[in-house]
Amino acid sequence: MRKFLLTATAALGGVALALAAGYVLSLPVTLKLQVPAHDTASRKLFEAAADHFKAKRLPIRLEVSQAPSSAAALAALEKGDADLAVARAEDLIKTKAQSVLILRQEGAVILAPKAGKVKKFSDIVGATIGVVREGPANAAAFQAIVSYYAIDPTKLKPVPLQAADVGPALRDKKIDALIIVGSPTSKYVADVVLDASRSTRGGIKVLEIEAAEAIAKRVPELDSIEIKQGLFGGTPPLPTEEVKTVGYTIRLAASDRLSDDRAADLIHQMINARQNLGAVAPGAAQIKTPDTDDETTFVIHPGVMNYGTGELKTFFDRYGDWLYIGLFLASGVGSAFAGTFSWFGSRRRARTMARVHEIETLADAATGAPSSEALDDIEKQMQAIFAFALDQAIHEKPDEANLNTFKFALDEARNRIERRRVMLAAAPDAPSGQLVSFKANPQAS
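See the structure below:
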């Protein structure tokens, strides 16, 4: 029964250990994310996502911090100081970081007064061009356009402007065209377009880069961007028809240290939360997974493949084998402990029984002891055995059955010694084992 209880206790302990390991494995994982300081749109998006994930107790959590630039965020990623980074495509393509999500597209929105001299993009040669940027300077897209059309950069007259300067510059005809660099779907770009429209007599039009697709193929980090009809609003809504331009993507990147399962979970959470995040970060609707056919340009994280094929694993899919192995090992460990306890118990009983056999031998010797001195010596030996057994009992809790056996043997030995003392006192010259000496009566006839 005792062995059964020990085995059951050890087995239950193993199960508890396996369940505890499962609980630890199921705890949420917090990923460190760095966002460039200038990228307020991405920061708002991921701060809202971090709050949403925490409120919904989702398995992946985010810790958002700022980096000085897109390149700095990627550097932190490569050093292992971050798990994720927000970066421009032109910076991402220079590193080994892997693309996880496309957050949005940014490009060049080109405007010109309808009554002005710039009717199409190639007319900008010799024109004064106002340039407004939603974020930090990035001349890659514009340089690619100029290079494709073989325009001499020295014949261009760029004029950097703030958003508030656009209206006066167009009214006073200080500029012939306007380039807004930013996300076409952002409120910032839409506000600048509408301000330009209101400030220009005769209205404005959005110019198209007819060769946008060809330019994007020539320069891998660039994309051909479609600006949908009526995207910017206004009366009439601008643009009046769909136009194409050139731009680049803003992406969420990860290192190869981020496991496929965690990357897939993060993608799943972000895609599912787009509607909820849209109230705080309007650009959330643009979030999408990168095209897996785009691996010639960007390194795509394997987690994107898992998400795309629907191979999202549950907790037991991921850790079921480990839990099974853990239970198996815990059961084995439990059996080993039970066996060890049983072995120690048998050793303890063997030591106790050895003392009992010694007492039994002394009791047999006491039965035939020839003298009181011999009994005294036997009693001393028994006292030594008793002292040893007492010390053993102090350091080891003896089994009740073993203790009863030892007490019975000790009591029996003492009784035999006392009986032998009585025999020796009654007939000191009697042969061993006799109480009375029988001799022939000399007076008998």
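Position 280 of the sequence shown, counted from 1, bears residue number 279 in numbering that gives the first Met the number 0, the numbering being contiguous throughout.
Quick reminder that beta carbons are idealized off the backbone N, C-alpha and C, glycines included.
Handout entry: Enclosing beta strand (DSSP E) for residue 106 [first to last residue]
Key = 97–112
Problem - Cβ pair count under 8 angstroms reaching 3, the region 68–77 against the region 28–36 - result: yes
Handout entry: Which of helix, strand or coil DSSP assigns to residue 432
Key = Bear in mind that a pLDDT of 44 at residue 432, under 50, signals an unreliable position, so the model cannot answer this.
Exercise for the section: From the DSSP output, in three-state form, read off residue 291 for me. Expected result: helix
Handout entry: Length of the line joining the Cα atoms of residue 97 and residue 252
Key = 5 angstroms
Exercise for the section: State yes or no: is the C-beta of residue 211 within less than 8 angstroms of the C-beta of residue 244? Expected result: Residue 244 is positioned such that its CB atom lies closer than 8 angstroms to that of residue 211.
Handout entry: 8 angstroms Cβ shell around residue 296 - same chain, five flanking residues per side excluded
Key = Cβ within range, chain order: 92, 219 and 220.
Problem - Touch test, the region 108–118 against the region 79–92, Cβ-Cβ under 8 angstroms, three pairs minimum - result: no
Practice task
Specify the secondary structure class of residue 247 as computed by DSSP and reduced to three states.
Solution key: strand
Practice task
Assign residue 133 to buried or exposed, taking buried as 16 or more other Cβ atoms, counted over all protein chains shown, within 10 Å of its Cβ.
Solution key: buried
Handout entry: Between the CA atoms of residue 283 and residue 43 - distance to the nearest angstrom
Key = 10 angstroms
Handout entry: DSSP three-state assignment for residue 157, whether helix, strand or coil
Key = strand
Practice task
Could you check what DSSP says for residue 298 in three-state terms: helix, strand or coil?
Solution key: In the structure shown, residue 298 sits in coil (DSSP, three-state: anything other than H, G, I, E or B).
Practice task
Kindly give me the distance between the Cβ atoms of residue 176 and residue 128, rounded to whole angstroms, as I take these residues to be in contact under 8 angstroms.
Solution key: 5 angstroms
Problem - Three-pair Cβ contact test at 8 angstroms for the region 354–371 versus the region 412–428 - result: yes
Handout entry: beta-carbon residue 253 near the ligand MN non-hydrogen atom, thresh 7 angstroms
Key = Absent from the structure shown: the ligand MN. Ligands present: none.
Practice task
Quick one: give me the first and last residue of the alpha helix (DSSP H) that residue 61 is part of.
Solution key: Here residue 61 belongs to no alpha helix (DSSP H); instead the beta strand (DSSP E) covers 59–66.
Handout entry: Distance between residue 135 and residue 227 (C-alpha atoms, nearest Å)
Key = 25 angstroms
Exercise for the section: Hey, could you find the ends of the beta strand (DSSP E) residue 224 is sitting in? Expected result: 222–226
Exercise for the section: Label residue 421 either buried or exposed according to how many other C-beta atoms from any shown protein chain fall within 10 Å of its C-beta, with 16 as the threshold for buried. Expected result: exposed
Problem - Residue closest to residue 445, alpha-carbon to alpha-carbon, out of 383, 260, 29 and 222 - result: Since the first and last residues shown for the chain are 0 and 444, residue 445 lies out of range.
Exercise for the section: Could you say which of 419, 233 and 250 lies nearest to residue 368 if we only look at CA atoms? Expected result: 419
Handout entry: Nonlocal neighbours in the same chain, by C-beta distance under 8 angstroms from residue 116, ignoring five residues either side
Key = Contacts found: 122, 126 and 175.
Handout entry: Simplified DSSP state of residue 354, which is helix, strand or coil
Key = helix
Handout entry: Beta-carbon proximity list for residue 187, same chain, < 8 angstroms, skipping 5 on both sides
Key = 133, 162 and 181
Exercise for the section: Use the C-beta contact count for residue 26: other C-beta atoms within 10 angstroms, 16 or more gives buried, fewer gives exposed. Expected result: exposed
Problem - 8 angstroms contact criterion, which residue 204 and residue 113 should meet: CB distance rounded - result: 5 angstroms
Exercise for the section: Decide yes or no for the touch test of the region 188–197 against the region 229–242: beta carbon pairs closer than 8 angstroms, at least 3 of them. Expected result: yes
Exercise for the section: Spell out whether any CB of chain B is found under 8 angstroms from the CB atom of residue 218. Expected result: Among the chains of the structure shown, chain B does not appear; only one protein chain is present.
Handout entry: Start-to-end residues for the beta strand (DSSP E) that takes in residue 150
Key = First-last for residue 150: undefined, no H or E at that position.
Problem - Per-residue DSSP class, three states only, for residue 270 - result: It is helical.
Handout entry: Other residues of its chain near residue 190: CB distance less than 8 angstroms, five sequence neighbours each side excluded
Key = 162
Handout entry: C-beta contact flag for residue 208 and residue 141 at 8 angstroms
Key = no
Practice task
Ignoring anything shorter than 3 residues or poking outside the region 166–208, list the beta strand (DSSP E) runs there in chain order.
Solution key: 176–181 and 203–206
Practice task
Would you tell me roughly how many angstroms separate the C-alpha atoms of residue 354 and residue 373, rounded to the nearest one?
Solution key: 20 angstroms
Exercise for the section: Rounded to whole angstroms, what's the CA-CA distance from residue 100 to residue 45? Just pull it up for me. Expected result: 12 angstroms
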